[in-house]
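S.K.:
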Amino acid sequence: MVELLSPDSLAAQQLDHALTLPARFYTDPRIPALDASAIFARSWQLVGHQSQLSGVGDHVVTQIAGLPLLVVRSTETSIRAFHNVCRHRAGPIASCDGRGAQNLRCRYHGWTYGLDGVLRGAPEMGRAPDFNPADIRLPEVRVQVWQGLVFVALGEAPPFESFVAGIDARLGPQRALDGYEFHHRVSYDVACNWKVYVDNYLEGYHVPCIHPGLNSLLDYRSYITETAQWYSFQYSPLESGDDLYGSGEALYYFLYPNAMLNILPGRLQTNRVLPAGVDRCRVEFDFYYAPDSRPEAQARRAKDIQFSDEVQDEDVTICEDVQRGLASGSYEAGRLNPLRENAVHHFHEMVRRAYRNSLDQA
Ligand code: FES
Ligand SMILES: [Fe+2]
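In the UniProt record's numbering, the protein residues as written are 1 to 362.
(1) For R73 and L53, which I take to be in contact (beta-carbon distance under 8 Å), what is that distance rounded to the nearest angstrom?
(2) Nearer than 6 Å: is that true of the beta carbon of D315 relative to any heavy atom of ligand 2?
(3) Going by DSSP in three states, W230 sits in which element: helix, strand or coil?
(4) According to DSSP, is L21 helix, strand or coil?
(5) Nearest CA to the CA of Q63: which residue from F151, L119, A128?
(6) Find out if the Cβ-Cβ distance for the pair R142, A153 is shorter than 7 Å.
(7) Please identify the residue among V190, H348, Q312 whose C-alpha is closest to the C-alpha of R324.
(8) Would a C-beta distance cut-off of 7 Å place R267 and L274 closer than the cut-off?
(9) Mind checking which residues open and close the beta strand (DSSP E) that includes H59?
(10) So S162 and H346 are supposed to be a Cβ contact under 8 Å. How far apart are they, rounded?
(11) Look at the alpha carbon of K195 and the alpha carbon of R137, and state the distance between them as a whole number of angstroms.
(12) Classify D8 as helix, strand or coil using the three-state DSSP reduction.
(13) Cβ of C106 within 7 Å of Cβ of G121?
(14) Whole-angstrom Cβ separation of V61 and A94, contact assumed at under 8 Å?
(15) Comparing C-alpha positions only, which one of D360, A362, A354 sits nearest to P158?
(16) Below 8 Å on the Cβ atoms is my contact criterion, and I expect W111 with H88 to pass it. Report the Cβ-Cβ distance as a whole number of Å.
(17) Could you please go through the chain and list the residues whose beta-carbon is closer than 5 Å to any non-hydrogen atom of ligand 1?
(18) Hey, how far is the Cα of L264 from the Cα of N103?
(19) Taking 8 Å as the cut-off, does the region 204 to 214 touch the region 180 to 190 (at least 3 CB pairs, one atom from each stretch)?
(20) Taking 6 Å as the limit between beta carbons, can you name the residues of its chain near S9, skipping five residues before and five after?
(21) Given D199, which residues of its chain have a CB within under 6 Å of its CB, disregarding the five upstream and five downstream residues?
(22) Please name the residue, chosen from D286, R99, L244, P7, that lies closest to V47 on a Cα-to-Cα basis.
(23) For G246, which residues in the same chain have their Cβ closer than 8 Å to its Cβ, ignoring the five residues on either side in sequence?
(24) Compute the beta-carbon to beta-carbon distance between D304 and L244, rounded to the nearest angstrom, for a pair I have assumed lies under 8 Å.
(25) With distances taken Cα to Cα, identify the nearest neighbour of D313 among L149, F160, E296, G213.
(26) If I measure Cβ to Cβ from C96 and keep anything under 8 Å in the same chain, skipping five residues before and after, which residues do I get?
(27) In three-state DSSP terms, what is T317?
(28) Give the secondary structure of H348 by DSSP, where H, G and I count as helix, E and B as strand, and everything else as coil.
(29) For the beta strand (DSSP E) that R182 lies in, which residues bound it at each end?
(30) How many angstroms separate the CA atom of G166 from the CA atom of F131?
(31) Drop a sphere of 10 angstroms on the beta-carbon of P338, count the other beta-carbons inside from all chains shown, and report buried for 16 or more, exposed for fewer.
(32) Using DSSP with H/G/I as helix, E/B as strand and the rest coil, what is G248?
(33) Is S216 buried or exposed, if buried means 16 or more other CB atoms sit within 10 Å of its CB?
(34) Taking V207 as part of the alpha helix (DSSP H), name the residues at either end of that continuous run.
(35) Sort out for me which residues DSSP pairs A81 with in a bridge.
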């Protein structure tokens, strides 16, 4: 049997001759633990938008690589992120997003932490010898807010400036994202490995075959895909009626390893692709719009949401089919199209490097 991380499967490849990742990187039961430690615990993870954390005590709960996290606006000027695991007996502190908490109270026995993560009170522990709440604090992880988006990093992750270098300049002041407001979230459970979903996102090669509706809005011949150090982006001129996006540009950013920013005129939609087992993932779509309560703006939003859902259904169907193909035993790896799949190659190179680094550290 081929070993999971054979030297040839991890060797860097030139785009012109590149093969995909081998099928076992999408199907082997050892892959989720490897992805958690080699990729998710060592990268910047999108967790939300500052509009969800506008007031002191507003908080968002999430999980990264199996670690529950709590992101909270701890003061007017600071957002902090803590392990959402109580220091008493590992209960959850917050079980859902919330607003305006004055402190963080564990659901199990009521130990209560300040918004700075320090234990403030523990019921009926007053007579326990050598017990000093001030010595007990929730472990903290790094937070960065950029373009209104909130990211956290558990362990070693690239310097944040290099992670997003060049995006601000490409967006320009007209396209700044931090003026948008969170509108709603839609989640999709997809029966494929998270990397199948990412691969599919990273190329427009499938658009004419899989998305006839989207293809009629984009100009496939002008569709361009570029790669940077930690991200890639795709863009195309976009023409649609004034009742949808109008005309402008579609800009799709992929931020390694699992975040996507889909920027169309008047809206931002983010995607997070969250592993849920070797052949499952959950994709969260968060919709953001510039504040506008006019009926025509509401109608455009409704149309955007419906159109996005149609495109997503098309992507889910093909991703689930691909997962079956990868698991069939019929397929090992295939040749990438250097013209249209350079961002897939770029992602695969980052995965190979992450796996190589994990061997070096083993
Ligand atoms: S586990 Fe949190 S108070 Fe007991
Ligand atoms: Fe697609």
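Even for Gly, the Cβ is constructed at its ideal location relative to N, Cα and C. All values derive from a computational prediction rather than experimental measurement.
M.R.: Looking at the coordinates:
(1) 4 Å
(2) yes
(3) coil
(4) coil
(5) F151
(6) yes
(7) V190
(8) no
(9) 59 to 64
(10) 15 Å between Cβ atoms; not a contact.
(11) 35 Å
(12) helix
(13) no
(14) 5 Å
(15) A354
(16) 5 Å
(17) C86, H88, R89, G91, C106, Y108, H109, W111
(18) 38 Å
(19) no
(20) P22
(21) V344
(22) D286
(23) S240, P265, G266
(24) 7 Å
(25) G213
(26) V61
(27) helix
(28) helix
(29) Note on identity: in this sequence residue 182 is Phe, with Arg being the wrong assignment. It spans 181 to 190 - the beta strand (DSSP E) in which F182 sits, taken as one unbroken run.
(30) 50 Å
(31) exposed
(32) strand
(33) exposed
(34) 207 to 210
(35) V71, V141
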